[in-house]
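Asks: Below you will find the structure I want to go over with you.
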Amino acid sequence: MEDDMAVDANNEKRVLCEKIIRDINAVFLKDADLASFEIIPKETNCNKSPVVHVEHNLGLESWCAQHVYDHAHRTLISHRRQTSQQQLRTLQQQQQSDALAKYLNVALLINPDVTTFWHIRRQLVQKNRLSINKELQFSALVLSIKPKSNEAFAYRRWLYSFQSADAIDWPNEISICERSADRCASNYHAWSHRHWVLRSGPCLLQSELMRTEKFLRKHISDYSCYHYRQVLLGRAYELCFCMPSGEAQPQLGSLLELLAEYGLPCEPNTEALIQLMLPHMNRSSVSVQRLRSFLYCCNVAAYDMRLCKEQRALYGPRDCFELHRRAALKFIVEQCVRLQTEPRTATMDNSLQLDKFDYGQHPFLEAVRQAESALGGKHQRWCNLHLNFGYPVAEATWRD
24 MEDDMAVDAN NEKRVLCEKI IRDINAVFLK DADLASFEII PKETNCNKSP VVHVEHNLGL
84 ESWCAQHVYD HAHRTLISHR RQTSQQQLRT LQQQQQSDAL AKYLNVALLI NPDVTTFWHI
144 RRQLVQKNRL SINKELQFSA LVLSIKPKSN EAFAYRRWLY SFQSADAIDW PNEISICERS
204 ADRCASNYHA WSHRHWVLRS GPCLLQSELM RTEKFLRKHI SDYSCYHYRQ VLLGRAYELC
264 FCMPSGEAQP QLGSLLELLA EYGLPCEPNT EALIQLMLPH MNRSSVSVQR LRSFLYCCNV
324 AAYDMRLCKE QRALYGPRDC FELHRRAALK FIVEQCVRLQ TEPRTATMDN SLQLDKFDYG
384 QHPFLEAVRQ AESALGGKHQ RWCNLHLNFG YPVAEATWRD
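Shown next, in the form of structure tokens:
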């Protein structure tokens, strides 16, 4: 009799789970603009549907989440075993694919870290049983509850391999990365995906510089964002990116302020800046576009140095401020050295150029070297190591 009661209880649980899964599937069919999914904390069943759907937001009460997931998991694993034995013949029927998709939806929304389930979705996409656009929407829904899901980001990149770059909504992809990073601090997977967007998409440099600045002012200790911004700066210089010629002058304010801080006031025009920062450059070997990009990128780096100073004044000293300031300083010094050094073979790196560079012959770089020496022994050691400034670091400063 106890066995019969256990069987009845299991049947009731199975029927309940199937009903909940049908309710969730009905929401997917009814609302094509679902924006988020959440597990709603609730410990007991109140004799009503645990599926909540309000204004494009889907929720599932927590008391049933584990039961529903276990049921969907068993169903999917059983299906995978059967299809493996039958050489995936069941995937040829759209009706079975639709039934499979509803279990996948529930299982991955509750636990998106199961690689096997994402692999089943890939098989369905390859069989044209699932729409790529709907899959992009579903993976974004997964990221709304699990913003650090590497599987979801990897799935999005895989889906985009079937589309041309012109057909991809790159700004929307950036927005998804930003929302994920905003919801979860130091979200490595979101920032890695954003790196991929930057490499794969069209020129997003200007908008990305603006967006990352706003993000840093809100998330002051997000090291991933600081690193991404450094990559942005290097990418901008690599692509010779700069503002349109009519907008060049207003964009140099931060660089002029930095020069003034180093005791080198300069006329606010391009020629004066180049003459001050690159006095020994061979003009015939450097294009006008490269010089304009150099000034633009140095201005961004100078802006970041000032931003770190402002953040330090507001929030106190933090390693992230110091490290990012050093990265910006290193960028300015390295580009100045590179443009004033005779072309070398591709195998000779920046450190070798810095080793043989005489800062004393260049007023701007010598002023930088003198000013940076006032920031303490620890900073001097860093400058010696990465910029070859040649400070005579005394034994006492090693204890700073």
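Under my numbering, the first residue of the sequence shown is numbered 24, with each subsequent residue one higher. Using N, Cα and C, we set each Cβ at its ideal position, and we do this for glycine too. Quick caveat, the model's predicted, so the values are computed rather than measured.
(1) Residues in its own chain within less than 6 Å of Asp327 by CB, not counting five upstream and five downstream?
(2) Kindly indicate which three-state DSSP category Ile153 falls into: helix, strand or coil?
(3) Across the region 391-407 and the region 301-311, are there enough close Cβ pairs to call them in contact, namely three or more that are closer than 8 Å?
(4) For Ser308, does the three-state DSSP call read helix, strand or coil?
(5) Starting from the C-beta of Leu281, find all residues in its chain whose C-beta is less than 6 Å away, skip the five residues before and the five after it, and write them out in chain order.
(6) Helix, strand or coil: how does DSSP classify Ile19 here?
(7) Hey, Leu255 and Asn322: beta-carbon distance below 8 Å or not?
(8) On the DSSP bridge list, what partners appear for Gly82?
(9) Express the C-alpha separation of Asp378 and Thr293 in angstroms, rounding to a whole number.
(10) Thinking C-alpha only, which one of Pro288, Arg179 and Ile62 is nearest Ile168?
(11) Specify, as a first and last residue, the run of the alpha helix (DSSP H) that Met266 falls within.
(12) By a C-beta neighbour count over all protein chains shown, 10 Å radius and 16 as the cutoff for buried, is Glu78 buried or exposed?
(13) Any idea if Ile151 is buried or exposed, counting beta-carbon neighbours within 10 angstroms, 16 or more meaning buried?
(14) Our contact map puts Phe238 next to Glu201 with C-beta atoms below 8 Å; I'd like the distance itself, whole angstroms only.
(15) For the putative contact between Tyr251 and His218, defined by C-beta atoms under 8 Å, what is the C-beta separation to the nearest angstrom?
(16) When DSSP labels each residue in this structure, what does Asp121 get in the three-state scheme?
(17) Just to confirm the assignment, what range does the alpha helix (DSSP H) spanning Gln358 have?
(18) Just to confirm, are Thr235 and Cys226 a CB contact at a threshold of 8 Å?
(19) If you measure between the beta carbons of Arg315 and Cys265, is that distance less than 8 Å?
(20) Run the CB neighbour count on Leu262, radius 10 Å, all protein chains shown included, and call it buried at 16 or more, exposed below.
(21) Within its chain, find whatever has a CB closer than 7 Å to the CB of Gln334; leave out the 5 residues flanking it on each side and keep chain order.
(22) Measure the alpha-carbon distance for Asn411 versus Glu357 and round it to whole angstroms.
(23) Given that a residue counts as buried once 16 or more other Cβ atoms are within 10 Å of its Cβ, and exposed if not, what is His424?
(24) Using only CA atoms, which one of His94, His96, Arg240 and Ser223 lies nearest to Ala190?
(25) Buried or exposed: which applies to Tyr382, given that a residue is buried once 16 or more other Cβ atoms fall within 10 Å of its Cβ?
(26) Let me know the secondary structure DSSP gives His218 once reduced to three states.
(27) What's the gap between the Cα of Phe161 and the Cα of Gln298?
(28) For Thr370, which residues from the same chain have a beta carbon less than 7 Å from its beta carbon, with the 5 sequence-adjacent residues on both sides left out?
(29) Which one of Glu35, Lys241 and Cys87 has the shortest CA to CA distance from Leu337?
(30) Using the Cα positions of Asp128 and Asp46, report the straight-line distance between them to the nearest angstrom.
(31) Hey, how far is the Cα of Leu398 from the Cα of Arg329?
(32) Suppose contacts are defined by Cβ-Cβ distances below 8 Å. Is Ala130 in contact with His96 by that definition?
(33) My assumption, with CB atoms under 8 Å, is that Ala213 sits in contact with Pro170. Please give the rounded CB distance.
(34) In three-state terms, what does DSSP make of Thr67?
Replies: According to the structure data:
(1) Here residue 327 refers to the residue found at position 304 when the sequence shown is read from its first residue. Beyond the five residues adjoining it in sequence on each side, Asp327 comes within less than 6 Å, by CB distance, of Ala351 in the same chain, given in chain order.
(2) Taking the sequence shown and counting its residues from 1, the one referred to as residue 153 is at position 130. Correcting the residue identity first, residue 153 is Leu in this sequence and not Ile. Correct three-state label for Leu153: coil.
(3) Because the criterion of three Cβ pairs below 8 Å is not met, the region 391-407 and the region 301-311 do not touch.
(4) Within the sequence shown, numbered from 1, the residue matching residue 308 stands at position 285. Helix, per DSSP.
(5) The residue labelled residue 281 in the question sits at position 258 within the sequence shown. If the five residues before and after Leu281 are omitted, its C-beta is found closer than 6 Å to the C-beta atoms of Ala325, all from its own chain and listed in chain order.
(6) Residue 19 is absent from the structure shown; the chain starts at 24 and stops at 423.
(7) As a position in the sequence shown, residue 255 is number 232, starting the count at 1. As a position in the sequence shown, residue 322 is number 299, starting the count at 1. Not a contact, by the Cβ cut-off of 8 Å.
(8) Position 59 of the sequence shown holds residue 82. Secondary-structure assignment with DSSP links Gly82 through a beta bridge to Glu61 and Val75.
(9) Here residue 293 refers to the residue found at position 270 of the sequence shown. Here residue 378 refers to the residue found at position 355 of the sequence shown. Between Thr293 and Asp378, the C-alpha separation is close to 29 Å.
(10) Your numbering for residue 168 matches position 145 in the sequence shown. When Pro288, Arg179 and Ile62 are compared, the shortest CA-CA separation from Ile168 is found for Ile62.
(11) Locating residue 266 in the sequence shown gives position 243, counting from the first residue. DSSP places Met266 outside any alpha helix (DSSP H), giving it a letter other than H or E.
(12) What you label residue 78 is simply residue 55 of the sequence shown in a count that begins at 1. Result: exposed.
(13) What you label residue 151 is simply residue 128 of the sequence shown in a count that begins at 1. In the sequence as displayed, the identity of residue 151 is Asn instead of Ile. So Asn151 counts as exposed.
(14) Here residue 238 refers to the residue found at position 215 of the sequence shown. Here residue 201 refers to the residue found at position 178 of the sequence shown. Between Glu201 and Phe238 the Cβ distance is about 7 Å, and since that is below 8 Å, they are a contact.
(15) In the sequence shown, residue 251 corresponds to position 228, counting from 1. In the sequence shown, residue 218 corresponds to position 195, counting from 1. So it is a contact: roughly 7 Å between Cβ atoms.
(16) For this step, residue 121 is matched to residue 98 along the sequence shown. In this structure, DSSP gives Asp121 a helical state, which the three-state scheme calls helix.
(17) If you number the sequence shown from 1, residue 358 lands on position 335. Element bounds for Gln358: Asp342 to Gln363.
(18) Counting from one through the sequence shown, the residue named residue 235 turns up at place 212. Counting from one through the sequence shown, the residue named residue 226 turns up at place 203. No. Outside cutoff.
(19) As a first step, residue 315 is located in the sequence shown; it is residue number 292 there, counting from the start. As a first step, residue 265 is located in the sequence shown; it is residue number 242 there, counting from the start. With a cutoff of 8 Å on beta-carbon distance, Arg315 and Cys265 are scored as near each other.
(20) Here residue 262 refers to the residue found at position 239 when the sequence shown is read from its first residue. Leu262 should be labelled exposed.
(21) Here residue 334 refers to the residue found at position 311 of the sequence shown. Here the set comprises Ile243 and Phe344.
(22) As a position in the sequence shown, residue 411 is number 388, starting the count at 1. As a position in the sequence shown, residue 357 is number 334, starting the count at 1. Between the alpha carbons of Asn411 and Glu357 lies a gap of roughly 11 Å.
(23) Nothing about residue 424 can be reported from this structure: the residues present for the chain run from 24 to 423 only.
(24) If you number the sequence shown from 1, residue 190 lands on position 167. Of the candidates His94, His96, Arg240 and Ser223, the one whose C-alpha sits nearest the C-alpha of Ala190 is Ser223.
(25) Residue mapping note: residue 382 aligns to position 359 of the sequence shown, counting from 1. When all chains shown are included, Tyr382 counts as buried.
(26) As a working mapping, residue 218 is identified with position 195 in the sequence shown. In the three-state DSSP reduction, His218 falls in the helix class (H, G or I).
(27) The residue labelled residue 161 in the question sits at position 138 within the sequence shown. The residue labelled residue 298 in the question sits at position 275 within the sequence shown. Here the C-alpha atom of Phe161 lies approximately 55 Å from the C-alpha atom of Gln298.
(28) For the purposes of this step, residue 370 is taken as residue 347 along the sequence shown, with counting starting at 1. At Thr370 the pLDDT is 43, less than 50, meaning the model places this residue with poor confidence; the figure from the coordinates comes in the next sentence. None.
(29) Position 314 of the sequence shown holds residue 337. Looking at the Cα atoms, Lys241 is the closest of the given residues.
(30) For the purposes of this step, residue 128 is taken as the residue at position 105 of the sequence shown. For the purposes of this step, residue 46 is taken as the residue at position 23 of the sequence shown. For the sequence presented, residue 128 should be read as Asn rather than Asp. One C-alpha to the other measures close to 12 Å.
(31) Against the sequence shown, residue 398 aligns to sequence position 375. Against the sequence shown, residue 329 aligns to sequence position 306. Cα to Cα, Leu398 sits roughly 15 Å from Arg329.
(32) Translated into the one-based positions of the sequence shown, residue 130 becomes position 107. Translated into the one-based positions of the sequence shown, residue 96 becomes position 73. In this structure, Ala130 sits near His96, with a CB-CB distance shorter than 8 Å.
(33) Sequence index remark: in the sequence shown, residue 213 carries index 190 (1-based). Sequence index remark: in the sequence shown, residue 170 carries index 147 (1-based). The Cβ separation is near 6 Å, so the contact holds.
(34) The residue you call residue 67 lines up with position 44 of the sequence shown. Here Thr67 sits in coil by DSSP.
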